[in-house]
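What follows is a short report on a single structure.
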């Protein structure tokens with residue numbers, strides 16, 4: 003049929019395969035590029051709306067201080083975890099008493115509700131005036147928060163909605 007030439011299956015695989023592979027690579031590169039643009043847009047718009055990021059952070063600081071009378075100092079920074087944007091909150095509390103579930107809930111609710119836009123997550127770290135870490139595990143367990151728990155806790159917006167109700 004083809005004489006001395008290679009079988010048709012080999013001709014097809016060597017001749018047509020290269021353009022096919024190039025087209026697939028171009029499509030994947032285009033898809034990856036589109037995903038990167040979408041992700042960057044999501045991050046850039048994550049704290050969109052009225053006011054600046056500093057205004058949003060100041061509102062969270064004021065809300066947390068009002069929520070817990072033991073809060074001596076509060077600092078807030080924007081936090082990105084994957085595609086989720088939220089807050090990283092450091093709270094210095096007077097006294098070394100453990101944080102109760104009610105206090106933890108009040109702090110988390112205040113931070114969540116401080117702005118029009120709900121954060122995707124909140125990392126919360128609590129320390130005493132002397133700089134010692136205050137354990138939040140028991141309070142988080144009592145509230146049913148199962149997010150990441152370590153030196154602080156990370157609570158997702160879904161967990162906050164489940165635990166405290168939607169805003």
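Residue numbers (the working numbering): 3 to 169. Even glycine gets a Cβ: it sits at the ideal position worked out from N, Cα and C.
Practice task
May I ask you to report which of helix, strand or coil DSSP gives residue 33?
Solution key: helix
Exercise for the section: For the alpha helix (DSSP H) containing residue 139, list its first residue and its last residue. Expected result: 139-145
Problem - residue 160: first and last residue of the uninterrupted alpha helix (DSSP H) it sits in - result: 159-166
Exercise for the section: Could you check what DSSP says for residue 70 in three-state terms: helix, strand or coil? Expected result: coil
Problem - CA-to-CA distance, residue 115 to residue 108, given in whole angstroms - result: 10 Å
Exercise for the section: Please name the residue, chosen from 158, 70, 88 and 69, that lies closest to residue 78 on a Cα-to-Cα basis. Expected result: 88
Exercise for the section: Check the C-beta distance from residue 91 over to residue 124 and give it rounded, since I have them as a contact under 8 Å. Expected result: 6 Å
Handout entry: Burial state of residue 163, where buried means 16 or more other Cβ atoms lie within 10 Å
Key = exposed
Practice task
Take the Cβ of residue 142 as the centre, count every other Cβ of all protein chains shown within 10 Å, and call the residue buried at 16 or more, exposed below.
Solution key: buried
Exercise for the section: Less than 8 Å between the CB atoms is what I'm expecting for residue 101 and residue 128, so what's the real figure, rounded? Expected result: 6 Å
Handout entry: Local Cβ density within 10 Å of residue 105, reported as buried at 16 or more and exposed below that
Key = buried
Practice task
Please name the residue or residues paired with residue 83 in a DSSP beta bridge.
Solution key: 86
Handout entry: Collapsed DSSP secondary structure at residue 116 in the structure displayed
Key = coil
Problem - Given residue 146 as reference, the closest of 160, 97 and 83 once Cα atoms are compared - result: 160
Handout entry: Where residue 107 falls: helix, strand or coil (DSSP)
Key = helix
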